[in-house]
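Chemist: Quick one: the structure is below, questions incoming.
There are 2 protein chains.
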Amino acid sequence: MRSGRWILALDVGGTNMVAALIHEDGGDPVGLRTRSTPADQGPAALADAAVDLLAQVRTVGTSGGIAANQIVGVGVGVPGAVDAVRGIVFLAPNLGWRDVPIRDLLQDRLELPVVVDNDANCAALGEWWTGAGRGSRLLVTATLGTGIGGGIVRDGRVLRGVSGAAGEIGHMVVQVVGGRACSCGSDGCLEAYASGTAIRARAREALADGTPSRIREIVQGGVERVTAQEVAQAAREGDELALRLIRETASFLGAGLASLVNILNPDRIVLAGGVMQAGDLLLLPVREEVRRRAFEASSEACVIAAAREPETAGVRGAALTFRREVLEGHR
Amino acid sequence: MRSGRWILALDVGGTNMVAALIHEDGGDPVGLRTRSTPADQGPAALADAAVDLLAQVRTVGTSGGIAANQIVGVGVGVPGAVDAVRGIVFLAPNLGWRDVPIRDLLQDRLELPVVVDNDANCAALGEWWTGAGRGSRLLVTATLGTGIGGGIVRDGRVLRGVSGAAGEIGHMVVQVVGGRACSCGSDGCLEAYASGTAIRARAREALADGTPSRIREIVQGGVERVTAQEVAQAAREGDELALRLIRETASFLGAGLASLVNILNPDRIVLAGGVMQAGDLLLLPVREEVRRRAFEASSEACVIAAAREPETAGVRGAALTFRREVLEGHR
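Same order as they appear, the protein sequences are chains S and C.
Counting in numbering that gives the first Met the number 0, the first sequence runs from 0 upward without gaps.
Counting in numbering that gives the first Met the number 0, the second sequence runs from 0 upward without gaps.
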């Protein structure tokens, strides 16, 4: 194995947890393991499950030639608002957490230094460090999943805003008049149109009125179980309804990204999440819409790409966060 | 007069030019002068007019006790896309300019070092330095005039983006479906709803169908001459149509600012421009809409205020730009 120091990295999602060993200089994750998140069993149970997963990863690493003393600490991404300085999750709706001292919970169990940050910031940083955002000076990432998460990385540093809450690009308003209700309590947010949940809701509505569609055949167990994945598959098979749903998604997503291009003038936007399974069917019209809407100079300066290894962006970014905070002594 | 160095500052607008002397440490502008911009007579005529205006300002300064050798240079803000390093305006639609070497044009005439930047960036910097944005860590400014200009200042530095075009907050899309056409070629932009031009267009449409309104009496010479000013005045007098127009403006502007609060998590937003003559009639519902739409923590962290001396923000910022670039040797 390579010499140097290794970081245990953990990406806690609302549904799954991903863990791996990451070398301090980057490179491919080692010992990648995933399991379901015990989201409804409280912080202690989640910490126990995380420790168990990290132990498996560590075993793969040490049996592969990484010495125990080369593993210097743990970087963790959690889906919520994080006080990174004190290692506290002050709000994580998907986990039902409020003011959970997750850093101490893990540190006590692992006997290694632990650093905690928001999962979307970790994913953005991971894309910048060793992903599709590599080399960019101003990167915006969007993860189109259950919701829409986002992160902004400028010169390799996460742009956090004054209270650590920046990057919520899913909650920019794209439809003021007649906007769909959003889970955040507002309406007309990008998330209410271009998240997996939104595509699912729009697909159900479209199917409810009896419009013929290949989606019915693809979905197992009734159209109320349709997800963005089935819509993407039906679209690839040429289904008209599915193609219309993807085009509408591209129209809203393209408008949202055009706004970001005009506001921030980034050189890269990286898209990830289940919705991106639609591939070029979504990406090409999104690029077209950004080109149509944004200022030419800003649009030309910005590459819009799909993430290459989105499932490990979170652990890669969590590892870089640990490296900076503990190994380099700054964030 | 105070000792130290003084900077001649010029803010070129599409309609008017403002010039003043600004002390390198800030404070009130001295010798403030304004005149109309000869926008359609070409760069040389504009440079001549600017030199004339700056000469008047200089005379006021020197007769007030500022020695000629205390005046060390010139900072200029222009309404367009600027290559600040080479001092070239590469595109200024309001002036009909393309690739105009405005720095050299002024430097040759003035025999003083000249620094040029975009006017919206200058205004944002001026608000941060000695205006309503003073002391803020992350400031967003919006000038609601003919169009909507914007600037983002982080830790006292303009956030420029990768090609110097960031801050175009007037061209975020707030209405994807059924959006009004925008001057930029896109549609549904914030500028198409909340600029002075947009309010004027919406007022004309509303008046065209014969709706009774105090606006008719206030406007001299026919309703087609209505501007945002008359709408504001009629609203202050309790006119229902005018109040509805202001409420609609607040709804779109509030949504746009909520998006910025969620994306950037700033601690201050400063609003300027003719549209702000509506005062609290506009500002209070805008704040309400941001509170309703944005995440609570981010919304609470952000003060939304009217600019105090918007007419001099541009010259103040242009002076700070000069100070940094020439007196301190960095931007």
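For each residue, glycine too, the CB sits at the ideal point set by N, CA and C.
Computed from a prediction, not measured in an experiment: that's the story for all the values here.
Pull up the CB-CB distance for Pro42/C and Ile101/C, whole angstroms please, since I reckon it's below 8 Å.
Modeler: For the purposes of this step, residue 42/C is identified with residue 43 of the second sequence, where counting begins at 1. For the purposes of this step, residue 101/C is identified with residue 102 of the second sequence, where counting begins at 1. Rounded, the Cβ-Cβ distance is 7 Å, consistent with contact.
Chemist: Cβ of Glu204/S less than 8 Å from any chain C Cβ?
Modeler: The residue you call residue 204/S lines up with position 205 of the first sequence. Not one chain C Cβ lies under 8 Å of Glu204/S.
Chemist: Is Gly209/S buried or exposed, if buried means 16 or more other CB atoms sit within 10 Å of its CB?
Modeler: Translated into the one-based positions of the first sequence, residue 209/S becomes position 210. Burial call: exposed.
Chemist: For Pro112/C and Gly150/S, what's the separation of their Cα atoms in angstroms?
Modeler: For this step, residue 112/C is matched to residue 113 along the second sequence. For this step, residue 150/S is matched to residue 151 along the first sequence. Looking at the two C-alpha atoms, the distance is approximately 40 Å.
Chemist: Which residue comes first and which comes last in the alpha helix (DSSP H) that contains Ala180/C?
Modeler: Here residue 180/C is taken as the residue at index 181 of the second sequence, counted from 1. Per DSSP, Ala180/C belongs to no alpha helix (DSSP H) and is neither H nor E.
Chemist: Grab the span of the alpha helix (DSSP H) containing Asp118/S for me, first residue to last.
Modeler: Taking the first residue of the first sequence as 1, we reach residue 118/S at position 119. From DSSP, the alpha helix (DSSP H) with Asp118/S extends over 118-129.
Chemist: Please name the residues in the stretch 253-277 of chain C whose beta-carbon is closer than 8 Å to at least one beta-carbon of chain S, in chain order.
Modeler: Residues Ala254, Gly255, Ala257, Ser258, Leu259, Asn261, Ile262, Leu263, Asn264, Pro265, Asp266.
Chemist: Could you tell me whether the stretch 281-293 of chain C touches the stretch 257-265 of chain C, where touching means 3 or more Cβ pairs closer than 8 Å?
Modeler: Judged by Cβ distances under 8 Å, the stretch 281-293 of chain C makes contact with the stretch 257-265 of chain C, as three or more pairs qualify.
Chemist: Would you say Ala131/S lies against chain B (beta-carbon separation less than 8 Å)?
Modeler: You won't find chain B in this structure, because its protein chains are S and C.
Chemist: Name the residue from Arg307/S, Leu45/S, Arg322/S whose alpha carbon lies nearest to the alpha carbon of Arg133/S.
Modeler: Working through the first sequence from its first residue, we reach residue 133/S at position 134. Looking at the Cα atoms, Arg307/S is the closest of the given residues.
Chemist: In three-state terms, what does DSSP make of Leu158/C?
Modeler: The sequence position of residue 158/C within the second sequence is 159, counting from 1. Here Leu158/C sits in coil by DSSP.
Chemist: With 16 as the cutoff for other CB atoms within 10 Å, does Gln40/C come out buried or exposed?
Modeler: Position 41 of the second sequence, counting from 1, holds the residue named residue 40/C. Gln40/C is exposed by the Cβ-count criterion.
Chemist: May I have the straight-line CA-CA distance separating Leu53/C from Asn93/C, to the nearest angstrom?
Modeler: The residue labelled residue 53/C in the question sits at position 54 within the second sequence. The residue labelled residue 93/C in the question sits at position 94 within the second sequence. Roughly 22 Å between the two C-alpha positions.
Chemist: Check the Cβ-Cβ distances between Ser341/S and every residue of chain C, and say whether any is below 8 Å.
Modeler: Because residue 341/S is not part of the residues shown, which for chain S are 0 to 330, the question remains open.
Chemist: With a threshold of 16 other CB atoms inside 10 Å of the CB of Asn120/S, please say whether the residue is buried or exposed.
Modeler: By one-based count along the first sequence, residue 120/S stands at place 121. The residue in question, Asn120/S, is buried, as its Cβ has 16 or more Cβ neighbours within 10 Å.
Chemist: Put Val218/S into one of helix, strand or coil per three-state DSSP.
Modeler: Walking along the first sequence from the start, residue 218/S turns up at place 219. Looking at Val218/S - three-state DSSP - the assignment turns out to be coil, as it is neither helix nor strand.
Chemist: Going by Cα to Cα distance, which pick from Val81/S, Gly25/S, Arg179/S, Val73/S is closest to Glu110/S?
Modeler: In the first sequence, the residue the question calls residue 110/S occupies position 111. That would be Val73/S, whose Cα lies nearest to the Cα of Glu110/S.
Chemist: Leu137/S touches chain C at which residues, Cβ-Cβ below 7 Å?
Modeler: Sequence index remark: in the first sequence, residue 137/S carries index 138 (1-based). Going along chain C in sequence order, the residues near Leu137/S (Cβ under 7 Å) are Gly160, Val161.
Chemist: Tell me, please, whether the CB atom of Glu167/S is closer than 8 Å to any CB atom in chain C?
Modeler: Counting from 1 along the first sequence, the entry for residue 167/S is found at position 168. Taking Cβ atoms only, chain C reaches closer than 8 Å to Glu167/S, which makes this a yes.
Chemist: Report the neighbours of Gln174/C on chain S: residues whose CB is nearer than 7 Å to its CB, in chain order.
Modeler: Translated into positions along the second sequence, residue 174/C becomes position 175. What Gln174/C touches in chain S: Gln174, Val175, Val176.
Chemist: Within the same chain, show all residues whose beta-carbon is closer than 7 Å to that of Asp24/S, passing over the 5 residues directly before and after it, in chain order.
Modeler: Here residue 24/S refers to the residue found at position 25 when the first sequence is read from its first residue. Once the five neighbours on either side are set aside, the close Cβ partners of Asp24/S are Gly3.
Chemist: Taking Ala122/C as the reference, which of Trp5/C, Gly12/C, Arg286/C, Gly220/C has the closest Cα?
Modeler: Your numbering for residue 122/C matches position 123 in the second sequence. It is Gly12/C.
Chemist: Could you round the C-beta distance between Glu223/S and Arg201/S to whole angstroms and report it? I think they count as a contact, below 8 Å.
Modeler: The count along the first sequence starts at 1 and reaches residue 223/S at position 224. The count along the first sequence starts at 1 and reaches residue 201/S at position 202. The pair is not a contact, with the Cβ atoms about 13 Å apart (cut-off 8 Å).
Chemist: Report the neighbours of Ala296/S on chain C: residues whose CB is nearer than 7 Å to its CB, in chain order.
Modeler: Taking the first residue of the first sequence as 1, we reach residue 296/S at position 297. Chain C residues near Ala296/S: Ala80, Ser162, Ala164.
Chemist: Excluding sequence positions up to five away, which residues of its chain have a Cβ less than 7 Å from the Cβ of Thr61/S?
Modeler: Residue 61/S sits at position 62 when you count from the first residue of the first sequence. Ala67.
Chemist: Residues of chain C with a CB under 9 Å from the CB of Ser250/S: which are they?
Modeler: Start at 1 with the first residue of the first sequence, and residue 250/S comes out as number 251. Simply Val175, Val176.
Chemist: Where does His170/S fall in DSSP's three states?
Modeler: Mapped onto the first sequence, residue 170/S falls at position 171. Helix, per DSSP.
Chemist: By Cβ distance below 7 Å, which residues in the same chain neighbour Ser212/S in space, the five residues on each side in sequence not counted?
Modeler: Residue 212/S sits at position 213 when you count from the first residue of the first sequence. If we look at Ser212/S and ignore the five residues flanking it on each side, its Cβ neighbours are Leu206, Ala233, Asp238, Leu240, Ala241.
Chemist: Between Leu45/C and the rest of its own chain, which residues show a CB-CB distance below 6 Å, the 5 nearest in sequence each way excluded?
Modeler: Here residue 45/C refers to the residue found at position 46 of the second sequence. Closer than 6 Å at the Cβ level, and outside the excluded window around Leu45/C, lie Pro37.
Chemist: Taking Cβ positions only, does Arg292/C come closer than 8 Å to chain S?
Modeler: Taking the first residue of the second sequence as position 1, residue 292/C is located at position 293. Closer than 8 Å to some Cβ of chain S, the Cβ of Arg292/C qualifies, so yes.
Chemist: Is there a Cβ from chain S that is less than 8 Å from the Cβ of Cys121/C?
Modeler: Here residue 121/C is taken as the residue at index 122 of the second sequence, counted from 1. With 8 Å as the cut-off, Cys121/C does not count as an interface residue toward chain S.
Chemist: So, using beta-carbon positions, are Leu252/S and Ala165/S closer together than 8 Å?
Modeler: Indexing the first sequence from 1 puts residue 252/S at position 253. Indexing the first sequence from 1 puts residue 165/S at position 166. Result no, Cβ atoms of Leu252/S and Ala165/S do not sit closer than 8 Å.
Chemist: Counting C-beta neighbours from all protein chains within 10 Å, is the total for Asp116/S 16 or more, i.e. buried, or is it exposed?
Modeler: Taking the first residue of the first sequence as 1, we reach residue 116/S at position 117. So Asp116/S counts as buried.
Chemist: Under the three-state reduction of DSSP, which class applies to Ser35/S: helix, strand or coil?
Modeler: Against the first sequence, residue 35/S aligns to sequence position 36. Ser35/S falls in the strand class under three-state DSSP.
Chemist: State buried or exposed for Asp118/S, treating a residue as buried only when at least 16 other CB atoms are found within 10 Å of its CB.
Modeler: For the purposes of this step, residue 118/S is taken as the residue at position 119 of the first sequence. It counts as buried.
Chemist: Looking at the secondary structure, which residues open and close the beta strand (DSSP E) in which Ala18/C lies?
Modeler: Here residue 18/C is taken as the residue at index 19 of the second sequence, counted from 1. That run of the beta strand (DSSP E) goes 15-22.
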